[in-house]
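Everything below concerns the one structure shown next.
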Amino acid sequence: MYLTKEEERMLNGEFGEGMRMAMELLVAIGDAYDAERMVPISRAHAASSGQEGDMYFVELLANGGASCRVPTSTNPVYDIEFFERVFEIPKEEAEVARRVKVGYKRIGAILSWCCIPYIAENIPNYGETVAFSESSATPYVNSVIGARTNREAAQSALAAGVIGKTPEYGLHFKENRRGTFLVKVEATLEDEFDYTLLGYYVGKQIGYGIPVFTGISKRPITEELINLCAMLNTSGAISMFHIHGFTVEAPTVKEAFQGDIPKDKITVTDHELKRVQEELQTTSGKIDLVMLGCPHYTLKQVGEVARLLEGKKIHRDVSFWVCTSATTKLLAERMGYVSVIERAGGHVVADTCIDEPCWHAYRDKVGITDSPKCAYYRRFKEATVARLQDCVEAAIKGERR
Ligand code: F3S
């Protein structure tokens, strides 16, 4: 891979050991993908977590004197002080999460601790070259915004944030952004959960590639797109998609495919979505907890939970959690949503992800969630998936029919 004089000097350690290691990682990735050069990025998002691998890598770079050259946001860890008060978090585990948080602060990252930074804390524009990791973030910035990123790991995104560059390959080139698979949607898509089911089904069917959705007649809203992105990249490994007529690089089906429309196609009807929903409903009967906000809930979604719980009481045997960003929680407090949810017996927590050790207490419990991604992480004995309204109803009754 061609390196500029400055990049050579970074690789030789002239800018410090932290930058040298970041550069070494990016050059190795570039070589693996036959990249010819590095390209400047304007921002990055590191899918950090409060676990050991992330602690190791961020400390490695920070101890070597590295700091972010471009805005680099961070994924959820957890609200350590809060969870230490309500659950028993083993001291060593809390210490790991604490060191991750300190590490990212030392390296100059945006301490967003949020998995949907592209709507508030770190928003790329159309055409920006960026390095975004995290399941919903990569497809959202590529497909909905029209920025360009490869499917980064937490480590490669952080290294790119430190260097301010990324190897040029894959989705940084227009020709690699063409659709590879036609998805004819005949199903009725009425709300966010329908998009969750659609994403989960299509990701599972296709696995890998760039689906082009046709037949969607109503412009999807932000929350629907977030869910579609997260699920396509949970049941599958899909870093980009097009929706004919709605996403930025798909004004026509032909443009989405950059030419010929491939023969490979699937049709999704109400029948397929119903089947997926049934498959995800793994249990019924008594529940111990409700987990919402995977991906992090937006203000609109927190407001919807408050509306459903207004004047109601959550069953005394059920714990009720809504995960969101600190930014959204602040606004939700101002708008009275948090106090409505708390009066009903629920919690709204910032900075926290369902895939963190802070949920140990629920290892043997049965949960219900509106997110197949949340269920996939298996932090509970059993996690069944249902529409938000059904999750709230189950919380109130203490059971899922
Ligand atoms: Fe976000 Fe964690 Fe779910 S990063 S999408 S809350 S698993």
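With numbering that gives the first Met the number 0 as the guide, the letters of the sequence shown map in order to residues 0 to 400. Ideal Cβ placement from N, Cα and C applies to all residues, glycine included. Source: prediction; values computed, not measured.
- For the options Ile-118, Ser-132 and Tyr-194, the alpha carbon positioned closest to that of Thr-268 is the one of Tyr-194.
- Inclusion of Gly-169 and Pro-39 in the CB contact set at 8 Å is not warranted, their separation being larger than that value.
- Counting along the chain, the unbroken beta strand (DSSP E) around Gly-366 starts and ends at 365-368.
- Residue burial is scored here from C-beta neighbours: Gly-235 has at least 16 other C-beta atoms within 10 angstroms and is therefore classed as buried.
- If only uninterrupted beta strand (DSSP E) runs of at least 3 residues are considered, those enclosed by the region 303-352 are 318-323 and 346-349.
- In the DSSP assignment, Ala-146 falls outside any beta strand (DSSP E) and carries neither an H nor an E.
- Taking C-beta separations shorter than 6 Å and ignoring five residues to either side along the sequence, the partners of Leu-224 in its chain run Val-143, following chain order.
- Within 7 Å of the C-beta of Asn-121 there is not a single heavy atom belonging to the ligand F3S.
- When Cys-373, Gly-29 and Thr-251 are compared, the shortest CA-CA separation from Cys-293 is found for Cys-373.
- For the ligand F3S, no non-hydrogen atom lies closer than 7 Å to the CB of Pro-116.
- Just so you know, the alpha carbons of Asn-74 and Val-348 end up roughly 14 Å apart.
- Residue burial annotation: Asp-53 is buried, with at least 16 other C-beta atoms found within 10 angstroms of its C-beta.
- At least one heavy atom of the ligand F3S is found less than 7 Å from the C-beta of Tyr-376.
- Shown here, Lys-285 sits in a strand according to DSSP, grouped into three states.
- Between the C-alpha atoms of His-314 and His-295 there is a straight-line separation of about 24 Å.
- Shown here for Phe-81: same chain residues with a beta carbon closer than 7 Å to its own, the five before and five after excluded, namely Val-348 in chain order.
- With fewer than 16 neighbouring CB atoms inside 10 Å of its own CB, His-270 falls in the exposed class.
- The closest CA to that of Phe-245, considering only Thr-297, Ala-156, Asp-287 and Tyr-139, is found on Tyr-139.
- For Thr-213, no alpha helix (DSSP H) run applies; the uninterrupted beta strand (DSSP E) run containing it begins and ends at 210-213, by DSSP.
- One Cα belongs to Gly-344, the other to Gly-258, and the distance between them is close to 55 Å.
- Taking a 10 Å sphere around the C-beta of Thr-3, we find fewer than 16 other C-beta atoms and assign the residue as exposed.
- According to the DSSP secondary-structure assignment, Ala-382 is paired through a beta bridge with Gly-366.
- Taking the C-beta atoms as reference points, Ile-106 is found nearer than 8 Å to Ala-65.
- No residue range can be given for Met-0, since it is assigned to no beta strand (DSSP E) and is classified by DSSP as neither H nor E.
- In this structure, the beta-carbon distance from Val-289 to Ala-393 falls below 8 Å.
- For Thr-281, the number of other beta carbons within 10 angstroms of its own is below 16, and it is reported as exposed.
- From the listed residues Lys-312, His-346 and Val-252, the smallest Cα separation to Thr-323 is found for His-346.
- In this structure Pro-123 does not touch Thr-179 by the C-beta definition: roughly 23 Å separates them, more than the 8 Å allowed.
- Between the region 147-155 and the region 242-256 there are fewer than three C-beta pairs closer than 8 Å, too few to call the two in contact.
- In the structure shown, Phe-192 adopts helical secondary structure according to DSSP, grouped into three states.
- Counting only unbroken stretches of 3 or more residues, the beta strand (DSSP E) elements lying wholly within the region 46-122 are 71-73, in sequence order.
- At a threshold of 7 Å, Cys-357 does not count as near the ligand F3S, since its beta carbon sits no closer than that to any of the ligand's heavy atoms.
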